[in-house]
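*Asks:* Protein chains in written order, with the UniProt record's numbering: chain A, 1 to 370; chain B, 1 to 370. For every residue, glycine included, the Cβ atom is placed at its ideal position computed from N, Cα and C. If you're wondering where the values come from, they're calculated on a predicted model, not measured in any experiment.
There are 2 protein chains.
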Amino acid sequence: MNGSRTRTQAGVNLPALRHHNATLVLDLLRAAGADGISRLELAEGTGLTPQAVSKITARLREDGLAVGAGLRPSTGGKPRTVLRLVPDAQFAVGLHLDRDGLTAVLVDLAGRPVAVTTAPLDLGAPAEQVLADAADAVRDLSAAEPHKPVLGVGVAVPGPLDHRDGVLHRVTGFPQWDGYPLRAALAERTGLPVVLDKDTNAAALALALGGAGGGDFAYLHLGTGLGAGLVLGGEVHRGARTGAGEFGHQTLQLDGPLCGCGGRGCIEALCLAAEARGDRGEAARVLGMGAANLVGLLDIDRVVLGGRTVAADEDAYVRGVRAVIEERAARGGAGAGVTVTVAGGGDRPVAEGAAQLVLAPVFGRVGERG
Amino acid sequence: MNGSRTRTQAGVNLPALRHHNATLVLDLLRAAGADGISRLELAEGTGLTPQAVSKITARLREDGLAVGAGLRPSTGGKPRTVLRLVPDAQFAVGLHLDRDGLTAVLVDLAGRPVAVTTAPLDLGAPAEQVLADAADAVRDLSAAEPHKPVLGVGVAVPGPLDHRDGVLHRVTGFPQWDGYPLRAALAERTGLPVVLDKDTNAAALALALGGAGGGDFAYLHLGTGLGAGLVLGGEVHRGARTGAGEFGHQTLQLDGPLCGCGGRGCIEALCLAAEARGDRGEAARVLGMGAANLVGLLDIDRVVLGGRTVAADEDAYVRGVRAVIEERAARGGAGAGVTVTVAGGGDRPVAEGAAQLVLAPVFGRVGERG
DNA sequence: GCACTTTGGCAACAGCGTTGCTTAAGTGGA
DNA sequence: TCCACTTAAGCAACGCTGTTGCCAAAGTGC
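(1) Starting from the C-beta of leucine 305(B), find all residues in its chain whose C-beta is less than 6 Å away, skip the five residues before and the five after it, and write them out in chain order.
(2) Using a Cβ-Cβ distance under 8 Å, would alanine 240(A) count as near chain B?
(3) On the DSSP letters alone, give me the boundaries of the beta strand (DSSP E) that histidine 147(B) sits inside.
(4) Determine the contact status of leucine 102(A) and serine 38(A), defining contact as a CB-CB distance below 8 Å.
(5) What residues in the segment 294 to 318 of chain B bring their beta carbon closer than 8 Å to a beta carbon of chain A?
(6) Restricting to runs no shorter than 4 residues, where is the alpha helix (DSSP H) found entirely within the segment 1 to 69 of chain B?
(7) Given that asparagine 13(B) touches chain A, what residues does it touch there, using C-beta distances under 9 Å?
(8) Does DSSP put valine 340(A) in a helix, a strand or coil?
(9) Say the cut is 7 Å; is the CB of aspartate 279(B) nearer than that to a heavy atom of the ligand ATP?
(10) Could you tell me whether the Cβ atoms of lysine 148(B) and aspartate 100(B) are closer together than 8 Å?
(11) Does chain B have any CB closer than 8 Å to the CB of arginine 328(A)?
(12) Let me know the secondary structure DSSP gives cysteine 271(B) once reduced to three states.
(13) Name the chain B residues that come within less than 7 Å of aspartate 216(A), Cβ to Cβ?
(14) What do you reckon, are the CB atoms on cysteine 271(B) and leucine 222(B) nearer than 8 Å?
(15) Please return the same chain residues whose Cβ sits closer than 7 Å to the Cβ of residue 371(A), not counting the five positions on each side in sequence.
(16) If you draw a straight line from the alpha carbon of leucine 209(B) to that of arginine 238(B), how long is it in whole angstroms?
(17) Closest to tryptophan 177(B) by CA distance: which of Ala132(B), Ala202(B), Pro126(B) and Gly191(B) is it?
(18) As a quick exercise: from Val350(B), Pro175(B), Asp299(B) and Thr224(B), pick the residue whose alpha carbon is nearest that of methionine 276(B).
(19) Among Asp136(B), Gln250(B), Leu226(B) and Asp133(B), whose alpha-carbon lies nearest the alpha-carbon of valine 324(A)?
(20) Check whether the Cβ of threonine 251(B) lies closer than 8 Å to any Cβ atom in chain A.
(21) I need the DSSP call for proline 193(B), collapsed to helix, strand or coil.
(22) Please state if the CB of leucine 226(B) and the CB of glutamate 268(B) are separated by a distance shorter than 8 Å.
(23) Excluding the 5 residues preceding and the 5 following arginine 72(A) in the sequence, name in chain order all residues of the same chain whose CB lies nearer than 7 Å to its CB.
(24) Using a Cβ-Cβ distance cut-off of 8 Å, determine whether glutamate 128(A) contacts chain B.
(25) Just the Cα atoms here: how many angstroms apart are phenylalanine 247(A) and aspartate 313(A)?
(26) Would you kindly check if the distance between the Cβ of leucine 230(A) and the Cβ of alanine 204(A) is under 8 Å?
(27) With contact counted as at least three CB pairs below 8 Å, one residue from each stretch, are the segment 187 to 195 of chain B and the segment 149 to 167 of chain B in contact?
(28) Taking the CB atoms as reference points, tell me whether aspartate 181(A) and arginine 170(A) lie closer together than 8 Å.
(29) Taking 8 Å as the CB-CB limit, is cysteine 271(A) close to chain B?
(30) Whole-angstrom Cβ separation of leucine 232(A) and leucine 232(B), contact assumed at under 8 Å?
(31) Under three-state DSSP, which class holds residue 400(A)?
(32) Count the other CB atoms within 10 Å of the CB of aspartate 255(B); is the residue buried (16 or more) or exposed (fewer)?
(33) Return the chain-ordered list of same chain residues with a C-beta closer than 7 Å to the C-beta of phenylalanine 363(A), the five sequence neighbours on each side being excluded.
(34) Please say whether aspartate 133(A) and threonine 117(A) have beta carbons closer to each other than 8 Å?
(35) Using the rule of at least 16 other Cβ atoms within 10 Å of the residue's Cβ for burial, across every protein chain shown, is arginine 365(A) buried or exposed?
(36) Can you say whether alanine 135(A) is buried or exposed, counting buried as having 16 or more other CB atoms within 10 angstroms of its CB?
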């Protein structure tokens with residue numbers, strides 16, 4: 001009669017409750033942005049009483065995380081006081097380690113980048129060398145805001161990895177990273193907390209927090225390969241082994257052409273082959289088929305496309321993917337009302353999303369310890 | 001700068017905290033089953049202090065939900081007192097409304113069925129008639145435990161529906177159910193809370209709570225059609241419109257044979273066509289391809305097969321699906337360590353899972369209001 | 001039989017959000 | 001100009017949560 005998943009350590013005591021409600025208020029403050037939000041609106045959004053919100057915001061103001069920001073027009077009584085997040089109270093570093101380059105960004109609490117560094121990087125170099133470069137980037141960026149606390153470092157890398165213990169599994173073509181404990185190593189060098197995740201997950205997180213519209217969505221990244229980042233229930237879905245988002249090697253054509261992975265008819269192979277022979281319409285249609293499958297399976301609200309190959313002709317891909325999804329919806333299948341957009345911004349969203357790995361827990365979102 | 005998903009009413013006050021911790025303890029008690037669990041083990045499992053657990057369990061005992069159940073062998077000091085859930089303190093009704101039959105089950109808190117009813121049902125009959133039959137079944141079952149409270153009625157139905165407001169969308173072939181507010185109607189007739197969900201989701205919930213092993217998994221139901229129920233992060237993933245689990249009409253063969261849905265190369269069409277022509281190996285292989293796609297995309301731990309078609313030759317399907325997943329894993333793809341099993345038990349798991357829709361919130365699992 | 005270990009309850013406590021009330025700060029009609 | 005009214009937000013008391021410190025209960029083992 002045993003069986004159900006054991007939930008470890010989910011008990012809530014008073015400090016945990018206090019922290020939870022504070023993160024909730026911070027999340028609403030962040031969502032409100034520069035416009036700010038009143039205490040009563042916070043009360044409505046959290047379900048707490050106005051008095052509880054007053055106490056919580058008083059503590060946040062004491063900590064320098066929130067400030068008053070003027071008054072609302074009166075509606076016949078005392079006007080509401082608007083509160084606003086203080087974005088530059090704390091910062092986080094985001095690191096994108098790619099095969100051929102390193103992008104590092106310092107972002108404030110609102111997720112806005114305040115300093116960016118890019119440098120060439122050889123992922124094939126010894127780990128010590130790469131680590132030193134990464135640590136240098138973190139140090140340089142931290143110097144941009146010398147007197148403000150940096151909460152931690154988020155790192156986005158291409159290959160499979162374990163988000164929980166921060167260990168790389170294997171980065172295709174670079175065997176020296178097999179089982180490398182990147183989180184621990186970088187944490188020791190920088191003296192900061194480090195969080196690790198896949199590049200597609202980081203991009204998806206950035207889109208979930210900074211982008212337009214809420215809801216569940218999939219980020220499909222088409223570059224040298226094809227991968228996905230999934231946001232379900234407002235949080236990045238990683239799976240037990242951080243393996244979720246394996247999208248490129250989904251079989252889309254039974255017994256189709258051979259793929260580099262050894263399989264047949266993989267979306268990635270079909271899509272990139274079509275692209276290679278100049279048939280962008282077919283590439284977009286194939287991608288759309290895969291996207292439509294995903295939309296139906298997970299009942300998501302939108303699909304966001306990104307990556308260099310998409311960037312080369314955004315319109316064609318958006319139109320092609322949208323056409324497939326709409327055709328299926330018109331037949332009575334899933335996908336009605338699903339929007340298809342592009343991420344834009346090149347590779348920088350990945351670094352910013354990496355920083356969000358650190359910021360997410362501050363606002364009660366799942367970053368670490370999914 | 002707006003954007004992040006607005007979380008409504010997530011604030012936690014003291015009653016909510018109390019309830020949360022109590023459900024946590026209840027969940028551990030249920031997981032322990034007849035073996036029971038000691039206070040200190042509960043403390044370890046929840047992260048609460050032993051004293052807090054003592055207070056919580058005292059309340060549960062006062063409410064008749066838990067009792068002492070002997071002592072553990074001493075380890076050199078006072079022996080631990082074992083606590084056990086009282087399964088027959090409360091009950092729930094599960095209802096499975098299928099196209100041609102109705103299965104109703106009364107389960108105790110441990111999820112064990114204590115009474116079962118089956119009856120023919122014509123889903124094409126007027127709604128009032130079907131409703132009356134359903135309400136009768138609920139009343140008859142409740143009479144089996146006349147002096148114990150029945151917490152509510154969980155209802156599993158085949159078609160698309162909205163889990164949140166309990167409204168059916170359309171049950172293929174039975175237009176009179178379009179937009180029918182089944183939850184409200186049945187709640188009024190029975191005087192009990194009613195929760196509605198898809199049959200595949202109910203089956204998945206039953207497997208998640210009663211089955212062997214935890215972790216994320218997919219339940220694939222192959223009967224007259226092909227559908228899926230997904231359990232991610234220990235909870236049923238429904239999506240915003242309760243549409244998740246649309247698996248049968250995933251495209252698996254680009255421009256393949258026409259499917260009844262109007263699409264081409266759908267898994268369901270390929271699989272059932274192979275089955276129809278007696279090629280069960282191919283049917284299992286096709287199902288395995290779809291399952292492998294899903295395993296990779298979501299990084300799940302196991303695949304559970306069910307439904308009449310699978311039941312006709314469980315071995316062939318398990319072996320076929322397992323072979324595809326293992327082949328992909330052996331190539332370095334996703335799926336290493338994934339187990340493939342059958343649900344067994346025919347259709348009764350669906351009704352039991354429906355009852356779990358009601359029980360899940362008692363144990364802090366998501367049943368209502370995903 | 002006694003020292004030791006371990007469990008679990010009792011009582012006092014700090015701190016959470018809530019409630020009841022008061023004060024602050026506006027609007028708008030007479 | 002005044003005053004009644006409305007709305008926002010703080011103060012103080014309160015109930016209840018889990019926590020802490022302490023002690024009794026109930027075993028083991030030399």
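*Replies:* From the atom records:
(1) Leu220, Tyr317 and Val342
(2) yes
(3) Counting along the chain, histidine 147(B) falls outside any beta strand (DSSP E), and DSSP gives it neither H nor E.
(4) no
(5) Leu294, Gly296, Leu297, Leu298, Asp299, Ile300 and Asp301
(6) 14 to 32, 39 to 46 and 50 to 62
(7) Leu17, Asn21, Gly47, Leu48, Thr49 and Ala52
(8) strand
(9) As far as ligands go, the structure on display features none, and thus does not contain the ligand ATP.
(10) no
(11) yes
(12) helix
(13) Gly239 and Ala240
(14) yes
(15) Outside the modelled stretch of chain A, which goes from 1 to 370, sits residue 371(A), for which no answer is possible.
(16) 17 Å
(17) Pro126(B)
(18) With the sequence shown as reference, residue 276(B) is identified as alanine, and methionine is not the correct amino acid for it. For the residues Val350(B), Pro175(B), Asp299(B) and Thr224(B), the minimum Cα distance to alanine 276(B) belongs to Thr224(B).
(19) Gln250(B)
(20) yes
(21) coil
(22) yes
(23) Ser38, Pro79, Arg80 and Val82
(24) no
(25) 21 Å
(26) yes
(27) yes
(28) At residue 181(A) the sequence reads proline, which differs from the aspartate that was named. No, the Cβ-Cβ distance between proline 181(A) and arginine 170(A) is not below 8 Å.
(29) no
(30) 7 Å
(31) It is not possible to answer for residue 400(A), since the shown part of chain A is limited to 1 through 370.
(32) exposed
(33) Thr23, Leu26, Asp27 and Arg30
(34) no
(35) buried
(36) buried
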